[in-house]
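Asker:
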Amino acid sequence: MHLDRLRRIKLALKRRGYDTRALRRREEAALTAENEHNPLVLQPCARCGGRRRCCVERDGVASLHGCDVCEETGLSGEVERYFTSSRADQPAVTVRPNASGWVRCP
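First residue of the sequence shown: 10, per the working numbering; consecutive thereafter.
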């Protein structure tokens, strides 16, 4: 079932103009100079947080069940930047290393 949903997500994103071969889950994303160290990633499901399973407690017993919102794909079907902070869109800042060779992020 979840493979079918994953195919539907990728097809929908492809129709919206995304190169689905380059899209990865957040944990699989590569931070490179080519993507300015802020790649587009597949957004995780809001309910399960991308874990594909949800903890359900009934009568004092907890158990894991497949997420019915994302159909166990762990994905919302949307795309987002790896770093969503507004600082990620700021221009690069030049810093100089100290005498020991370390730099401090501004």
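Built from N, CA and C at the ideal position, the CB exists for glycine as well.
Looking at C-alpha atoms only, which residue of N47, E89 and I18 is the closest neighbour of P100?
Answerer: Locating residue 100 in the sequence shown gives position 91, counting from the first residue. Per the Cα distances, N47.
Asker: Would you mind stating whether V78 and S72 have Cβ atoms separated by less than 8 angstroms?
Answerer: Taking the first residue of the sequence shown as 1, we reach residue 78 at position 69. Taking the first residue of the sequence shown as 1, we reach residue 72 at position 63. No, the pair does not count as a contact, with Cβ atoms beyond the cut-off.
Asker: Take R35 as the anchor and find which of T29, G26 and G59 has the nearest alpha-carbon.
Answerer: By one-based count along the sequence shown, residue 35 stands at place 26. Checked all of T29, G26 and G59; the closest Cα to R35 is G59.
Asker: Provide the residue(s) that pair with E73 in DSSP beta bridges, ordered along the chain.
Answerer: In the sequence shown, the residue the question calls residue 73 occupies position 64. In the sequence as presented, Glu is not what sits at residue 73; that position holds Leu. In the DSSP output, where bridge partners are listed per residue, L73 has C64.
Asker: Helix, strand or coil: how does DSSP classify C40 here?
Answerer: One-based indexing of the sequence shown puts residue 40 at position 31. Per the sequence shown, the amino acid found at residue 40 is Leu instead of Cys. Of the three classes helix, strand and coil, the one that applies to L40 here is coil, per DSSP.
Asker: Comparing C-alpha positions only, which one of F92, L20, L22 and G69 sits nearest to L40?
Answerer: Counted from its first residue, the sequence shown places residue 40 at position 31. Answer by Cα proximity: F92.
Asker: Have a look at P106, A42 and Q52 and flag the residue whose alpha-carbon is nearest the alpha-carbon of K19.
Answerer: As a first step, residue 19 is located in the sequence shown; it is residue number 10 there, counting from the start. For K19, the nearest C-alpha among the options comes from Q52.
Asker: So, are the CB atoms of L32 and L22 less than 8 angstroms apart?
Answerer: Counted from its first residue, the sequence shown places residue 32 at position 23. Counted from its first residue, the sequence shown places residue 22 at position 13. For L32 and L22, yes; Cβs fall inside 8 angstroms.
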